[in-house]
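Residue numbers (my numbering), protein chains in the order written: chain D, 7 to 779; chain P, 31 to 145; chain F, 57 to 207. Each residue gets a CB set at the ideal place from its N, CA and C atoms; glycine is no exception. Please read these numbers as outputs of a predicted model, since none were measured by experiment.
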Amino acid sequence: MLLAVLSGFLLAAVAPWLVPRLGAHAGRVLALLPVGLFLWFASLLPAVGGGETLLWEYAWVPGLDVQLGFLVDGLSLLFALLISGIGALVTLYAGSYLAGHRDLARFFVWLLAFMASMLGLVLSDGLIALFVFWELTSITSFLLIGFAHEDKTARQAALQGLFVTVGGGLALLAGFVLLALAAGGWSLSAVLDAGDAVREHAHYAVIAWLIFLGAFTKSAQVPFHFWLPNAMAAPTPVSAYLHSATMVKAGVYLLARFQPALGGTDLWVFTLTLVGAATLFTGALLALRSSGMKRMLAYSTVMALGTLTLLAGIGGETAAIAFVAFLLAHSLYKGALFLIAGVIDHETGCREVPEMGGFGRAMPVSFAVAVLAALSAAGVMPLFGFIAKELLFESALGLAAWQPVVLTLTLAGLVGGVAVAAVVGLRPWIGRPVTTPREPHEAPLDLLAGPALLALLGLLFGLLPGLAERGLLAAAAGAVHGQAVTPNLALWHGLNLPLAMSALTLVAGLLVAWRWDGIRKMLVGLGFVERFGAERGYDAGMLGLVRVAAWQTRLLQNGHLRYYILTTLSATALLLVYALVTRHAVIPPWSSSGVRLYEVVIGAVVLMAALVAVTTRSRLGAVASLGAAGFGVALIYVLFSAPDVGITQVLIETLTVLMLVLVLFRLPSFLGLTPGRIKLRDASISLTIGGLMSWLLLDAVAAHHQGSISRYFVENAVPAGHGQNIVNVILVDFRALDTLGEIVVLGLAAIGVYAMIKLRAEDRRRRGKEEPR
Amino acid sequence: MESMMALVVGGLYAAAIYMMLRRSIVKLVIGLVLLGNAANLLIFTSGGLTRGAPPLVPDGAAMPAGAVADPLAQALILTAIVIGFGVLAFAVVLIHRAYEVVGADDMDRMKDTDT
Amino acid sequence: MRKQSVILRTAAHVLLPLLLLFSAFLLLRGHNAPGGGFIAGLVASAALALYLFSLGIASARHALGVDPRRLIGAGLVIAIGSALPAAFFGDAFFTGRWLTLDWFPSGPLKLGTPLLFDLGVYLVVIGSVMTIVLTLAEAEERPDAPSNEGD
Chain D
7 MLLAVLSGFL LAAVAPWLVP RLGAHAGRVL ALLPVGLFLW FASLLPAVGG GETLLWEYAW
67 VPGLDVQLGF LVDGLSLLFA LLISGIGALV TLYAGSYLAG HRDLARFFVW LLAFMASMLG
127 LVLSDGLIAL FVFWELTSIT SFLLIGFAHE DKTARQAALQ GLFVTVGGGL ALLAGFVLLA
187 LAAGGWSLSA VLDAGDAVRE HAHYAVIAWL IFLGAFTKSA QVPFHFWLPN AMAAPTPVSA
247 YLHSATMVKA GVYLLARFQP ALGGTDLWVF TLTLVGAATL FTGALLALRS SGMKRMLAYS
307 TVMALGTLTL LAGIGGETAA IAFVAFLLAH SLYKGALFLI AGVIDHETGC REVPEMGGFG
367 RAMPVSFAVA VLAALSAAGV MPLFGFIAKE LLFESALGLA AWQPVVLTLT LAGLVGGVAV
427 AAVVGLRPWI GRPVTTPREP HEAPLDLLAG PALLALLGLL FGLLPGLAER GLLAAAAGAV
487 HGQAVTPNLA LWHGLNLPLA MSALTLVAGL LVAWRWDGIR KMLVGLGFVE RFGAERGYDA
547 GMLGLVRVAA WQTRLLQNGH LRYYILTTLS ATALLLVYAL VTRHAVIPPW SSSGVRLYEV
607 VIGAVVLMAA LVAVTTRSRL GAVASLGAAG FGVALIYVLF SAPDVGITQV LIETLTVLML
667 VLVLFRLPSF LGLTPGRIKL RDASISLTIG GLMSWLLLDA VAAHHQGSIS RYFVENAVPA
727 GHGQNIVNVI LVDFRALDTL GEIVVLGLAA IGVYAMIKLR AEDRRRRGKE EPR
Chain P
31 MESMMALVVG GLYAAAIYMM LRRSIVKLVI GLVLLGNAAN LLIFTSGGLT RGAPPLVPDG
91 AAMPAGAVAD PLAQALILTA IVIGFGVLAF AVVLIHRAYE VVGADDMDRM KDTDT
Chain F
57 MRKQSVILRT AAHVLLPLLL LFSAFLLLRG HNAPGGGFIA GLVASAALAL YLFSLGIASA
117 RHALGVDPRR LIGAGLVIAI GSALPAAFFG DAFFTGRWLT LDWFPSGPLK LGTPLLFDLG
177 VYLVVIGSVM TIVLTLAEAE ERPDAPSNEG D
């Protein structure tokens with residue numbers, strides 16, 4: 007199992023080496039991996055279809071008792087099959103679509119890495135692993151959207167997608183942490199078992215909202231829908247795979263996954279149904295307003311994701327069945343349509359639907375595939391999309407609250423959906439042939455295999471719904487619903503309300519499609535969509551962020567070292583005062599008991615030397631008084647039982663003075679730069695902090711008792727460390743690792759000094775060479 | 031005795047910070063040296079001051095007979111002193127280089143990176 | 057560097073071996089009495105610095121024998137190497153291993169990995185300090201008088 011998830015990463019790692027060697031066959035060979043994965047997952051079907059939940063666990067961090075678990079039930083298996091199956095077709099397709107592209111190897115690296123991340127996402131049992139894979143899909147998606155990195159729009163779209171999804175990912179992480187605390191465990195299994203505890207937890211609303219945020223951003227729900235159409239800057243296979251069939255479904259996967267634990271509450275139903283219905287409607291409206299084929303498809307994907315959110319919100323047996331059926335149907339037909347859009351682009355050079363027409367004669371197979379997929383998308387009998395649509399209406403009718411609103415939005419949205427399907431399924435193919443950048447011709451087999459297979463599967467599952475249902479959909483719906491379900495998928499449910507609604511949307515949708523040019527112009531005229539759209543909000547937010555960053559950089563990073571010091575010190579001082587005042591309100595009493603005269607003299611010498619160092623106007627005087635202060639401190643060490651420290655201090659003080667003499671006298675002498683007022687300010691700040699440090703020290707001394715750790719060192723120096731000098735035993739034995747770090751720092755400082763001086767010498771030598779010319 | 035040491039430590043801190051707030055880079059270096067001494071003395075004193083009982087175990091004994099000075103604080107500052115020297119050398123050379131490049135002892139003229 | 061007095065130069069000649077010997081003594085006794093790698097390393101460095109200031113850079117480099125940067129590397133290797141024997145015995149990294157030799161009349165001699173580690177510290181300290189001092193001294197000398205080295 008671990009191998010199954012990681013194999014994508016492994017293949018991605020060798021892809022840069024492999025792809026150039028495989029040449030034109032790269033796509034075909036690399037597709038073998040997802041094919042193999044698909045077959046392996048398919049081999050799990052009998053067990054999972056029988057209602058089993060398979061669990062693999064690997065010790066990840068045994069010391070912290072962290073497990074890496076993989077869970078396979080109906081829902082994750084459905085996703086895994088979609089990811090590996092469509093992954094195989096897309097890899098094959100991309101090999102031909104991007105044949106000869108300069109960065110083909112890079113593309114496959116990211117595509118395979120994405121596939122592995124996505125598999126990890128849907129199979130993870132641990133919340134943390136799920137989150138990690140979640141973010142990995144965001145990152146690979148970022149890289150794939152920005153594949154054409156010379157193109158500014160692609161870069162912006164990639165960044166936008168990354169910000170939105172990763173921002174949501176942060177919310178998701180917070181939600182997971184709270185969820186794990188509420189459920190008492192970090193695995194999905196634990197969370198699903200603790201549903202009641204989670205729903206009644208005090209933080210339930212916060213958890214739900216955080217997870218919603220993650221799911222909504224990933225699955226492009228209103229108001230985060232704007233990133234998905236922009237993500238169409240990615241190569242078409244990527245759009246088909248990530249931004250339609252798999253990655254964007256991660257959000258709804260999460261909602262479906264947690265529905266048994268979190269779902270069923272008013273908050274859950276209310277939010278998800280309304281957001282889902284709003285997204286459905288918005289997606290349909292914006293799809294009709296666009297003209298680019300991929301953009302239309304992207305908005306209709308937004309619409310489909312809204313539908314899935316709506317179904318996850320409704321809950322119950324019918325909605326669960328509708329969810330998995332719609333998920334499967336959408337992945338099949340939308341994948342096919344995207345790939346066909348790529349075929350049109352590749353073979354004719356056209357991207358805008360209004361500029362297309364009459365391709366059907368030159369590309370009959372593509373035409374057939376497009377019609378088949380579009381029929382499924384429109385929900386026409388006898389395709390699988392029809393069954394899914396019927397179930398959707400049935401679930402929406404079963405909704406208790408807000409039914410009229412949701413139903414109206416759904417109906418209106420689906421009319422738009424039918425219209426979009428009709429436009430992309432018919433418009434490019436029929437009518438008078440138009441002149442195109444490239445002479446239209448039929449695509450090669452590699453490009454057609456994927457969409458054809460997907461479209462045919464849509465037909466097959468429509469005609470024989472039991473085929474998909476028995477093995478997989480029943481188990482998947484069971485996982486969404488939380489208990490076993492008995493679906494009864496059939497084409498013909500009798501003359502009932504859902505059928506009437508289905509017919510209504512079909513007729514209305516065809517009318518819209520017939521009058522599409524006029525309607526689109528009218529919709530484009532509605533400028534408010536751009537003025538008040540969510541994307542404007544994103545832009546304003548980013549602009550604001552940049553402004554705040556610039557403002558605070560100017561404020562904090564002003565280039566004056568002493569203001570940095572001042573800021574740091576003031577903050578420290580405030581915290582110190584807070585701690586001292588709240589914990590020990592009194593200044594410990596002054597005690598001069600037992601002070602000996604020579605000690606007072608040494609202390610006074612140190613202070614005097616420091617004062618001279620501060621006030622003197624001569625550099626030599628300053629360095630000399632520094633030395634005096636240092637030797638005074640060394641004497642203090644020696645007097646108070648620290649011979650080692652004292653010796654070290656004396657030696658270092660000597661070397662310091664020596665070094666300062668070597669360097670400082672090559673610098674100019676002191677300048678009287680500062681006016682008296684500022685000197686006074688600085689002096690009072692310094693004295694305040696100095697006073698605080700005195701207070702801190704008195705406080706620390708008053709509280710000091712030789713702690714247990716010191717006592718341990720004292721008692722064990724000879725028995726365990728075989729040394730009588732306890733300080734040395736600590737340095738070279740008890741805390742040797744610390745000392746190792748310290749000598750590394752020392753060595754690095756020395757090498758840094760060497761490098762800086764050498765650099766200068768090189769500089770000068772170079773300059774010296776240039777001068778004669 | 032601790033009271034007097036508190037005074038010395040406070041005085042050293044005040045002197046160090048005052049020097050670090052000046053515009054002259056040479057004064058900054060002097061401030062750094064003073065700051066190192068002040069911090070070491072702070073740690074040393076907070077470990078407790080003990081006269082005439084260095085943390086040494088007499089020959090043949092398993093542990094010191096009476097109370098000895100805190101060896102941990104001493105171990106801490108012993109390495110701190112040596113590292114402080116290394117870091118100071120690095121800082122001094124860095125400042126020296128900066129001076130050569132910018133040609134100014136005034137920190138206010140060093141705030142542009144494009145000189 | 058300017059010409060130094062004869063007394064200083066003679067003293068440096070005599071003092072260098074003595075101080076180096078003393079630093080080795082400090083290193084070896086450091087585990088049982090004041091001393092140890094840091095202090096011994098600093099004493100040796102101070103001795104070499106004295107030599108440098110009285111007899112010039114070239115002589116100091118010659119007296120040191122190796123490039124001080126190599127000492128840093130060697131010291132770090134020895135220090136890390138001293139941690140490894142523990143691994144062969146299945147102990148945690150840096151667990152001390154001791155060997156007691158009963159060959160001398162003065163008492164048993166205890167050799168252990170902590171002493172090896174201290175040797176590493178000693179070398180790193182000498183290497184670092186001498187790298188700094190030598191580099192600075194050379195920089196001091198080069199710009200104004202590139203050719204009168206050691207004179």
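Within chain F, partners of residue 755 of chain D - CB distance below 8 Å: 184 and 188
List the residues of chain P that residue 643 of chain D touches, going by C-beta distances under 9 Å, in chain order. 70, 71, 74, 104 and 107
With a threshold of 8 Å between beta carbons, is residue 87 of chain F in contact with chain D? yes
Can you find a CB in chain F that lies within less than 8 Å of the CB of residue 112 of chain P? yes
Top-ranked residue by Cα proximity to residue 161 of chain D, from D/170, D/148 and D/171: D/148
Using 8 Å as the threshold, is the C-beta distance between residue 656 of chain D and residue 640 of chain D below it? yes
Cβ-based burial, residue 739 of chain D [other Cβ within 10 Å; buried from 16]: buried
Given this structure, state the Cα-to-Cα distance separating residue 127 of chain D from residue 132 of chain F, to the nearest angstrom. Their backbone Cα atoms lie some 44 Å apart in a straight line.
In the structure shown, what three-state DSSP assignment does residue 65 of chain D receive? strand
Run through DSSP, which three-state label would residue 90 of chain P get? Residue state, collapsed to three classes: coil.
Any idea if residue 701 of chain D is buried or exposed, counting beta-carbon neighbours within 10 angstroms, 16 or more meaning buried? buried
For the segment 623-648 of chain D, list the alpha helix (DSSP H) runs that are entirely contained and at least 4 residues long, ordered along the chain. Those alpha helix (DSSP H) runs which fall completely within the segment 623-648 of chain D and span 4+ residues are 625-645.
Would you report the Cα separation of residue 718 of chain D and residue 79 of chain F, rounded to the nearest angstrom? Going by C-alpha positions, residue 718 of chain D is about 30 Å away from residue 79 of chain F.
In chain order, what residues of the same chain lie with their CB nearer than 6 Å to the CB of residue 125 of chain P, ignoring the 5 residues before and after it? 55
Tell me whether residue 405 of chain D sits in a helix, a strand or coil according to DSSP, three-state version. coil
First and last residue of the uninterrupted alpha helix (DSSP H) at residue 323 of chain D: 323-354
Could you tell me the distance, in whole angstroms, from the CA atom of residue 57 of chain F to the CA atom of residue 192 of chain F? Because the pLDDT at residue 57 of chain F is just 48, under 50, the model does not fix this residue reliably, and the value given afterwards should be weighed accordingly. Straight-line Cα distance between these residues: approximately 12 Å.
Please specify which runs of the alpha helix (DSSP H), each continuous and at least 4 residues long, are wholly inside the segment 64-136 of chain F, giving them in chain order. 93-111 and 113-120
With 16 other Cβ atoms within 10 Å as the buried cut-off, status of residue 748 of chain D: buried
Roughly how many angstroms separate the alpha carbons of residue 202 of chain F and residue 196 of chain F, rounded to a whole number? In this predicted model, residue 202 of chain F has a pLDDT of only 38, less than 50, meaning its place in the structure is not dependable; the value taken from the coordinates is given anyway. Residue 202 of chain F and residue 196 of chain F have their C-alpha atoms roughly 10 Å apart.
For residue 696 of chain D, would you say it is in contact with chain P, using Cβ-to-Cβ distances shorter than 8 Å as the test? yes
How many angstroms separate the CA atom of residue 638 of chain D from the CA atom of residue 37 of chain P? 14 Å
What number of angstroms, rounded off, separates the C-alpha of residue 213 of chain D from the C-alpha of residue 181 of chain D? Looking at the two C-alpha atoms, the distance is approximately 5 Å.
Looking at residue 616 of chain D: is its Cβ nearer than 8 Å to the Cβ of residue 695 of chain D? No, they are not a contact pair.
Around the Cβ of residue 500 of chain D, are there at least 16 other Cβ atoms within 10 angstroms (buried) or fewer (exposed)? exposed
When you compare the CB of residue 82 of chain P with every CB in chain F, is at least one pair closer than 8 Å? no
According to DSSP, which residues form a beta bridge with residue 731 of chain D? P/86
Does residue 765 of chain D pass the burial test, meaning 16 or more other C-beta atoms within 10 Å, or should it be called exposed? exposed
Determine the DSSP secondary structure at residue 73 of chain D, reduced to helix, strand or coil. strand
Applying the criterion that 16 or more other CB atoms from any shown protein chain within 10 Å of the CB defines a buried residue, is residue 688 of chain D buried or exposed? buried
At the level of alpha carbons, what is the spacing between residue 326 of chain D and residue 481 of chain D? 11 Å
For residue 184 of chain D, which residues from the same chain have a beta carbon less than 8 Å from its beta carbon, with the 5 sequence-adjacent residues on both sides left out? 209, 212, 213 and 216
For residue 145 of chain P and residue 185 of chain F, I'd like the C-alpha separation in whole angstroms. Unreliable positioning characterises residue 145 of chain P in this predicted model, as indicated by a pLDDT of 39, which lies under 50. The coordinate reading is nonetheless provided below. Whole-angstrom Cα-Cα distance: 32 Å.
Touching by the beta-carbon criterion (3+ pairs, under 8 Å), the segment 249-258 of chain D and the segment 330-346 of chain D: yes
Taking only the alpha-carbon atoms, compute the straight-line gap between residue 627 of chain D and residue 90 of chain P and give it to the nearest angstrom. 49 Å
For residue 309 of chain D versus residue 289 of chain D, is the C-beta spacing smaller than 8 Å? yes
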